[in-house]
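Colleague: With the first letter of the sequence shown counted as 1, position 134 gets the number 134 in the UniProt record's numbering; the numbers rise by one all the way through.
Got a structure here, written out as structure tokens. Questions coming.
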Amino acid sequence: MATQTIAPQSVGVNLTAGHAADLPPAVAPLTADTPEWLNQFHAKGWTVVRGAVPREKALAYADRGYDWLESWNLGFDRKDRSTYKTDKLPWYARSGLYARYGVGHEQFVWDVRSEPGVIKPFEKIWGTDKLLVSFDGVNLSIPEKERPKTHPMFAPWSHVDQSPLRRHFDCVQGIVNFLPNGPQDGGLMVLEGSSQFYNELWDTFEHKKPADGWHEWAQQNVDEEMCQWLESKGCKWVKVCAEPGDLLLWDSRCIHYGAAPSSTNNRFAAYVCYKPEHMVPQQIKIWRRELWEKKEGTTHDPAAPRSKPRLPPEEHASYAEAVRRPLQEPVLSKRAQQLAGLVPY
Numbered sequence: 001m002a003t004q005t006i007a008p009q010s011v012g013v014n015l016t017a018g019h020a021a022d023l024p025p026a027v028a029p030l031t032a033d034t035p036e037w038l039n040q041f042h043a044k045g046w047t048v049v050r051g052a053v054p055r056e057k058a059l060a061y062a063d064r065g066y067d068w069l070e071s072w073n074l075g076f077d078r079k080d081r082s083t084y085k086t087d088k089l090p091w092y093a094r095s096g097l098y099a100r101y102g103v104g105h106e107q108f109v110w111d112v113r114s115e116p117g118v119i120k121p122f123e124k125i126w127g128t129d130k131l132l133v134s135f136d137g138v139n140l141s142i143p144e145k146e147r148p149k150t151h152p153m154f155a156p157w158s159h160v161d162q163s164p165l166r167r168h169f170d171c172v173q174g175i176v177n178f179l180p181n182g183p184q185d186g187g188l189m190v191l192e193g194s195s196q197f198y199n200e201l202w203d204t205f206e207h208k209k210p211a212d213g214w215h216e217w218a219q220q221n222v223d224e225e226m227c228q229w230l231e232s233k234g235c236k237w238v239k240v241c242a243e244p245g246d247l248l249l250w251d252s253r254c255i256h257y258g259a260a261p262s263s264t265n266n267r268f269a270a271y272v273c274y275k276p277e278h279m280v281p282q283q284i285k286i287w288r289r290e291l292w293e294k295k296e297g298t299t300h301d302p303a304a305p306r307s308k309p310r311l312p313p314e315e316h317a318s319y320a321e322a323v324r325r326p327l328q329e330p331v332l333s334k335r336a337q338q339l340a341g342l343v344p345y
């Protein structure tokens, strides 16, 4: 997916450091009262918080996702499966990753980020309620019958969303699920247990480091040989299944990718990532405010984000409409304003 990487450097931020201090962040200690989902998170690198959002509310968010797709007037109609085609949808990456159009600032996306049941697990993990949230996008995967299963979109794209230069636990990513999501419906694939071998992985495959070094930003692809090495350590691929309203969480050191739907069921979800406010450098806080004003999106990590272009490619049918549309003006609660970094804690 295309991203812009100039802005962080332009405000003098070292993305390798990522935080005000490049030290392992403090996390809430595990106790006898620690919930099972959190024990699983630390043991396996991923977990599911069931019913973080009430089911009916999650299904209502799905309806608002359909509303957004239809609002572009490209011919998509949720009730007519003959319209489930690329040329009738806004521009997206892979099977349904939407990050442009400022979609991360749509009202329904901010409403998802503001859900208490979504925020609280992050508070539990980090041991603080003073969090900042990413301006990430959504996944609105519409299966297209004309694409054979040999299409490149169905190929794994294994990666981590943390720089190999950062060797400690650093970030928790999340997906709020809107629709029933079974084994063939697309969604999160995790290489369970891989976060435990994170440092050893990069040391073992030091010879694969690119000429210009490992990425400084929070992303690095992992090839098949590396995945096989992790599998030899006992790691295994798991398709995470979920119900409407479930919150999927994973350690950014965990190898993962988003699988395209191989069924005819739609997959709708929103990406969420919250991090302690004290872990975000002041320069990044200032830059996030600029992105808010322009209603631009970001990648997942609130402490080391990259911006996402607002407009789709010029050749796309939605481009002219995207240029004409006014900037979003979502109404935020005080809690959401704090999460956005618009008002102080």
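For glycine and all other residues, C-beta sits at the position ideal for the given N, C-alpha and C.
#1: Excluding the five sequence neighbours on either side, which residues of its own chain have a C-beta within less than 8 Å of the C-beta of E70, listed in chain order?
#2: Tell me which residue opens and which closes the beta strand (DSSP E) that W237 is part of.
#3: Drop a sphere of 10 angstroms on the beta-carbon of S158, count the other beta-carbons inside from all chains shown, and report buried for 16 or more, exposed for fewer.
#4: Just confirm the distance between the C-beta atoms of I119 and V172, as a whole number of angstroms; I'd bet it's less than 8 Å.
#5: Compare the C-alpha of Q282 against each of N177, A303, G186, T299 and name the closest.
#6: Thinking just about the alpha-carbon of each residue, which of V190, R288, K295, P143 is nearest to the one in D326?
#7: Using the three-state DSSP reduction, which class does W68 fall into: helix, strand or coil?
#8: Rounded to the nearest angstrom, what separates H316 and F41 at their Cα positions?
#9: Under 6 Å Cβ to Cβ from A218, same chain only, skipping five residues before and after it: list those, please.
#10: Are there three or more Cβ pairs, one per stretch, closer than 8 Å when the stretch 99-109 is compared with the stretch 127-146?
#11: For E329, which residues of its own chain have a beta-carbon under 8 Å away from its beta-carbon, when the five flanking residues on both sides are left out?
#12: For Y101, count neighbouring Cβ atoms within 10 angstroms of its own Cβ and tell me buried if that reaches 16, exposed if not.
#13: With H, G and I counted as helix, E and B as strand and the rest as coil, what does DSSP make of A21?
#14: Report the three-state DSSP secondary structure of Y53 (helix, strand or coil).
#15: Is the stretch 309-323 touching the stretch 184-191 in the sense that three or more CB pairs, one from each, lie closer than 8 Å?
#16: May I ask you to report which of helix, strand or coil DSSP gives I284?
#17: For a test of the three-state rule: what should DSSP assign to G45, helix, strand or coil?
#18: Whose C-beta lies closer than 7 Å to the C-beta of P54 among residues of the same chain, with five residues either side of it excluded?
#19: Within the same chain, show all residues whose beta-carbon is closer than 7 Å to that of D22, passing over the 5 residues directly before and after it, in chain order.
#20: Which full runs of the beta strand (DSSP E) of 3+ residues lie inside the stretch 186-210, going along the chain?
#21: Report the CB separation of F197 from L230 in whole angstroms; it is logged as a contact under 8 Å.
#22: What is the DSSP secondary structure of K294, reduced to helix, strand or coil?
#23: Would DSSP call P276 helix, strand or coil?
Modeller: Considering the structure as presented:
#1: Closer than 8 Å at the Cβ level, and outside the excluded window around E70, lie F76, D77, R78.
#2: Per DSSP, W237 belongs to the beta strand (DSSP E) from 236-239.
#3: Here S158 is buried: its Cβ has 16 or more other Cβ atoms, across all protein chains shown, within 10 Å.
#4: The pair is not a contact, with the Cβ atoms about 12 Å apart (cut-off 8 Å).
#5: Nearest to Q282 by C-alpha distance, out of N177, A303, G186, T299, is A303.
#6: The sequence given here places Pro at residue 326; Asp does not occur at that position. Nearest to P326 by C-alpha distance, out of V190, R288, K295, P143, is K295.
#7: Three-state DSSP puts W68 in a helix.
#8: F41 has its alpha-carbon roughly 40 Å from the corresponding atom of H316.
#9: Closer than 6 Å at the Cβ level, and outside the excluded window around A218, lie D161, Q162, S163, D301, A304.
#10: Cβ pair count under 8 Å is three or more, so yes.
#11: Annotation for E329: no residue places its beta carbon closer than 8 Å to its own, counting only its chain and skipping 5 residues before and after.
#12: Taking a 10 Å sphere around the C-beta of Y101, we find 16 or more other C-beta atoms and assign the residue as buried.
#13: Confidence is the limiting factor: at A21 the pLDDT is only 42, short of 50, which leaves the residue's position unreliable and the question unanswerable from this model.
#14: Going by the sequence as given, residue 53 is Val instead of Tyr. Three-state DSSP puts V53 in coil, outside helix and strand.
#15: Look at the beta carbons and you see the stretch 184-191 not touching the stretch 309-323: under three pairs across the two are nearer than 8 Å.
#16: Looking at I284 - three-state DSSP - the assignment turns out to be helix.
#17: Taken through DSSP and simplified to helix, strand or coil, G45 comes out as coil.
#18: G245.
#19: Here D22 scores only 49 on pLDDT, less than 50, and its place in the model should not be relied on; the value that follows carries that caveat. Hits under 7 Å: none found.
#20: Complete beta strand (DSSP E) runs here, min 3: 187-192.
#21: Their Cβ separation, rounded to whole angstroms, is 6 Å, which keeps F197 and L230 in contact under 8 Å.
#22: Residue state, collapsed to three classes: helix.
#23: Shown here, P276 sits in a strand according to DSSP, grouped into three states.
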